[in-house]
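What follows is a set of notes on a single structure, which appears directly below.
2 protein chains.
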Amino acid sequence: MSTERPVRVRRSPEAARENILAACEAILLEKGPQALKLADVAAGAGVANATVLHHFGSIDGVQTALMTRMIRQLVERVAVDFSQHQDAVGRVGAGARALFDAFGTRGGARLAAWLELTGEARRMTAIRQAVQEVSALRMQLDGPPDDGAVQDFMLVCISMALGVGLFGATLADLLGRPPERIREIALDLIEARIRQETGAQG
Amino acid sequence: MSTERPVRVRRSPEAARENILAACEAILLEKGPQALKLADVAAGAGVANATVLHHFGSIDGVQTALMTRMIRQLVERVAVDFSQHQDAVGRVGAGARALFDAFGTRGGARLAAWLELTGEARRMTAIRQAVQEVSALRMQLDGPPDDGAVQDFMLVCISMALGVGLFGATLADLLGRPPERIREIALDLIEARIRQETGAQG
DNA sequence: CGTTCTGTTGACATTTTTGTCGGTAGCGGC
DNA sequence: GCCGCTACCGACAAAAATGTCAACAGAACG
Chain A
0 MSTERPVRVR RSPEAARENI LAACEAILLE KGPQALKLAD VAAGAGVANA
50 TVLHHFGSID GVQTALMTRM IRQLVERVAV DFSQHQDAVG RVGAGARALF
100 DAFGTRGGAR LAAWLELTGE ARRMTAIRQA VQEVSALRMQ LDGPPDDGAV
150 QDFMLVCISM ALGVGLFGAT LADLLGRPPE RIREIALDLI EARIRQETGA
200 QG
Chain B
0 MSTERPVRVR RSPEAARENI LAACEAILLE KGPQALKLAD VAAGAGVANA
50 TVLHHFGSID GVQTALMTRM IRQLVERVAV DFSQHQDAVG RVGAGARALF
100 DAFGTRGGAR LAAWLELTGE ARRMTAIRQA VQEVSALRMQ LDGPPDDGAV
150 QDFMLVCISM ALGVGLFGAT LADLLGRPPE RIREIALDLI EARIRQETGA
200 QG
């Protein structure tokens with residue numbers, strides 16, 4: 000009957016990119032990285048395939064942009080929590096907590112796992128950049144004494160946060176355990192070590 | 000010159016499948032799951048595309064078989080290390096160490112990450128099976144007292160082992176730290192907690 | 001209004017990946 | 001030796017995914 004033609008929304012370039020990347024993030028969280036097909040992304044964003052290509056050049060460009068965006072968000076989130084605490088000691092605990100939050104939500108750990116699994120050179124630069132940003136942030140707040148032991152411990156915390164963030168929910172579900180307990184226990188391990196260290200030294 | 004025709008090797012069905020899956024494993028470890036294309040698998044195994052399909056039906060069948068195989072290998076490896084120790088207390092430490100070994104080598108953590116990222120129902124059954132096997136194994140060795148706290152702690156250990164196994168090497172490399180330190184520190188965290196627990200209780 | 005700029009699109013072309021099919025060839029049994 | 005079974009293969013078909021293009025249509029500006 001009616002000759003209704005489809006309404007065509009016209010966004011600013013930034014809004015258009017943002018819209019598409021948001022759809023990508025949803026897909027990544029819900030179905031994993033292998034589901035980031037051009038057609039799916041376009042459908043999720045409610046635009047045509049060609050529109051996605053117009054803004055990002057290729058599906059590879061989309062993925063790169065998505066990584067950059069998610070890494071930036073992740074670093075910012077950690078930075079906020081990190082800078083809440085004034086004392087260096089409390090900051091380590093808060094920092095660990097921030098790490099677990101960052102990787103446990105919004106697919107931070109899934110992104111990292113994806114990067115690790117695909118692990119091409121181009122993508123590694125993204126991770127390297129993130130690590131350097133966090134490292135620089137910490138140094139800016141706590142000063143230079145970033146000796147090896149501290150760095151190693153940080154890496155352990157990051158690895159733990161990633162492991163718990165990526166697998167914690169699934170594992171807990173498999174054994175019918177409450178999911179948040181894993182996170183708490185892991186954080187407790189870290190904080191116990193910190194208390195022990197500072198207690199011995201101070 | 001010569002009319003040399005390509006020698007055609009003829010394997011038993013089991014050997015043929017094994018050959019193909021071994022090639023898959025190499026590809027998975029080296030290039031990640033997204034590189035598990037039919038053509039690459041066939042080339043890696045030194046057979047024709049059609050041969051791979053003949054044995055597994057579809058590329059999906061290949062991936063499922065690969066997961067099953069790797070999970071079985073992983074469970075067996077953990078089981079061996081696990082049963083080395085007689086006392087239950089030492090077994091927890093040895094078990095943690097076995098977990099870290101299992102997930103840190105032969106792509107155990109990468110397999111788990113792959114399963115987690117793709118995470119479809121069919122694949123989840125594979126993980127569930129593995130968890131149940133390990134759980135049954137532990138119960139067979141240590142008896143039934145598998146209360147919630149113990150389970151939760153086990154899950155934390157598994158998550159840590161996975162996180163360290165998957166990201167440890169890359170993270171250490173990014174900061175120029177020796178890779179094995181992360182593992183040692185993480186294990187130390189676990190064992191410290193065990194000593195504390197057993198010391199308080201016994 | 002008319003013009004320009006460009007975000008948007010469907011239709012189509014290209015490339016990549018998967019799957020099918022008829023025939024070939026190694027191997028054990030007789 | 002030959003026969004049946006089936007692992008194996010090349011060639012081709014089908015499907016899926018990516019990318020191209022010319023044209024359409026909002027929005028700002030005169």
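Chain order of the listed sequences is A and B. Heads up: the first sequence begins at 0 in numbering that gives the first Met the number 0, then just goes up one per residue. Heads up: the second sequence begins at 0 in numbering that gives the first Met the number 0, then just goes up one per residue. The beta carbon of each residue, even a glycine, is placed where N, CA and C say it ideally should be.
Comparing the C-beta of Asp59/A with each C-beta of chain B, is any distance below 8 Å?
-> Position 60 of the first sequence, counted from the first residue, corresponds to residue 59/A. Contact with chain B is absent for Asp59/A, since none of that chain's Cβ atoms lies less than 8 Å from the residue's Cβ.
State yes or no: is the beta carbon of Leu98/B nearer than 8 Å to at least one beta carbon in chain A?
-> Translated into positions along the second sequence, residue 98/B becomes position 99. Any Cβ of chain A closer than 8 Å to the Cβ of Leu98/B would place that residue at the interface, and such an atom is absent.
Can you grab the Cα-Cα spacing for the pair Ala21/B / Leu161/B, in whole Å?
-> To locate residue 21/B, count along the second sequence from 1; it is residue 22. To locate residue 161/B, count along the second sequence from 1; it is residue 162. The alpha-carbon separation between Ala21/B and Leu161/B amounts to approximately 22 Å.
Using a Cβ cut-off of 7 Å, which residues of the region 164-176 of chain A contact any Cβ in chain B, in chain order?
-> Answer in chain order: Leu165, Phe166, Gly167, Thr169, Leu170, Ala171, Leu173, Leu174, Arg176.
Would you kindly work out how many angstroms separate the C-alpha atoms of Ile19/B and Arg7/B, rounded to a whole number?
-> Counting from 1 along the second sequence, the entry for residue 19/B is found at position 20. Counting from 1 along the second sequence, the entry for residue 7/B is found at position 8. Each residue's alpha carbon lies about 15 Å from the other.
Between the region 93-118 of chain B and chain A, which residues of the former have a C-beta closer than 8 Å to a C-beta of the latter?
-> Within the region 93-118 of chain B, the residues whose Cβ lies closer than 8 Å to some Cβ of chain A are Arg109, Ala111, Ala112, Trp113, Glu115, Leu116, Thr117, Gly118, listed in chain order.
Length-filtered (4 minimum) alpha helix (DSSP H) runs lying within the region 55-127 of chain A | Complete alpha helix (DSSP H) runs here, min 4: 58-81, 87-103, 107-117.
Can you tell which of Ser57/B, His54/B, Ala38/B has its C-alpha closest to the C-alpha of Gly48/B?
-> Residue 48/B sits at position 49 when you count from the first residue of the second sequence. A quick correction: the sequence has Asn, not Gly, at residue 48/B. It is Ala38/B whose Cα lies nearest to the Cα of Asn48/B.
Under a Cβ-count criterion, where at least 16 other Cβ atoms within 10 Å of its own Cβ denotes burial, should Gly14/A be classed as buried or exposed?
-> Walking along the first sequence from the start, residue 14/A turns up at place 15. In the sequence as displayed, the identity of residue 14/A is Ala instead of Gly. Around the CB of Ala14/A, fewer than 16 other CB atoms lie within 10 Å, so the residue is classed as exposed.
Give the straight-line distance between the Cα atoms of Glu115/A and Gln72/B, rounded to the nearest whole angstrom.
-> As a working mapping, residue 115/A is identified with position 116 in the first sequence. As a working mapping, residue 72/B is identified with position 73 in the second sequence. Whole-angstrom Cα-Cα distance: 22 Å.
Which chain B residues are close to Asp151/A, counting only those with a beta carbon under 7 Å from its beta carbon?
-> On the first sequence, residue 151/A is found 152 positions in, with the first residue counted as 1. Those are Arg176, Arg180, Ile181, Ile184, listed as they occur along chain B.
Take Asp151/A and list the residues in its own chain whose beta-carbon comes closer than 8 Å to its own, dropping the five residues that flank it on each side.
-> Looking up residue 151/A in the first sequence gives position 152. Its chain contains no residue whose beta carbon lies nearer than 8 Å to that of Asp151/A once the 5 sequence neighbours on both sides are disregarded.
Would the region 89-101 of chain B and the region 40-57 of chain B be scored as touching if the rule is three or more Cβ pairs under 8 Å?
-> No, the region 89-101 of chain B does not touch the region 40-57 of chain B.
Does the region 188-195 of chain A come close enough to the region 106-113 of chain A that 3 or more CB-CB pairs lie under 8 Å?
-> In this structure the region 106-113 of chain A does not touch the region 188-195 of chain A; the number of beta carbon pairs closer than 8 Å is below three.
When you compare each of Gly118/B, Val163/B, Arg9/B to Val46/B by their alpha carbons, which one comes out closest?
-> If you number the second sequence from 1, residue 46/B lands on position 47. Looking at the Cα atoms, Arg9/B is the closest of the given residues.
Taking Pro12/B as the reference, give the member of Phe55/B, Pro32/B, Val77/B with the closest Cα.
-> For the purposes of this step, residue 12/B is taken as the residue at position 13 of the second sequence. Comparing Cα-Cα distances from Pro12/B to each of Phe55/B, Pro32/B, Val77/B, the minimum goes to Phe55/B.
Beta-carbon proximity of Leu28/B to Leu35/B, cut-off 8 Å | As a working note, residue 28/B is residue 29 in the second sequence. As a working note, residue 35/B is residue 36 in the second sequence. Going by C-beta atoms, Leu28/B is not nearer than 8 Å to Leu35/B.
Phe166/B to Gln139/B, Cα distance in whole Å?
-> As a first step, residue 166/B must be located in the second sequence, where it is residue number 167. As a first step, residue 139/B must be located in the second sequence, where it is residue number 140. Spanning the two alpha carbons is a distance of roughly 32 Å.
Measure the C-alpha to C-alpha separation of Pro5/B and Arg176/B and round it to an integer number of angstroms.
-> Position 6 of the second sequence, counted from the first residue, corresponds to residue 5/B. Position 177 of the second sequence, counted from the first residue, corresponds to residue 176/B. Their backbone Cα atoms lie some 49 Å apart in a straight line.
Take Cys23/B and list the residues in its own chain whose beta-carbon comes closer than 7 Å to its own, dropping the five residues that flank it on each side.
-> As a first step, residue 23/B must be located in the second sequence, where it is residue number 24. Cβ contact annotation for Cys23/B (same chain, cutoff 7 Å, sequence separation greater than five): Leu35, Val40, Val61, Leu65, in chain order.
Reduced DSSP secondary structure (H/G/I, E/B, other) of Gly45/B | For the purposes of this step, residue 45/B is taken as residue 46 along the second sequence, with counting starting at 1. It is coil, neither helix nor strand.
Measure the alpha-carbon distance for Val77/B versus Gln131/B and round it to whole angstroms.
-> What you label residue 77/B is simply residue 78 of the second sequence in a count that begins at 1. What you label residue 131/B is simply residue 132 of the second sequence in a count that begins at 1. Computed Cα separation, rounded: 13 Å.
Neighbour-count burial assignment, Val133/A, 16 or more Cβ in a 10 Å radius | As a working mapping, residue 133/A is identified with position 134 in the first sequence. Val133/A comes out buried.
Inter-residue CB distance, Phe99/A and Val149/A (contact presumed, cutoff 8 Å) | Counting from 1 along the first sequence, the entry for residue 99/A is found at position 100. Counting from 1 along the first sequence, the entry for residue 149/A is found at position 150. The pair is not a contact, with the Cβ atoms about 19 Å apart (cut-off 8 Å).
Does any C-beta atom of chain B lie closer than 8 Å to the C-beta of Ser11/A?
-> Taking the first sequence and counting its residues from 1, the one referred to as residue 11/A is at position 12. Interface flag for Ser11/A against chain B is unset, since no Cβ pair is found closer than 8 Å.
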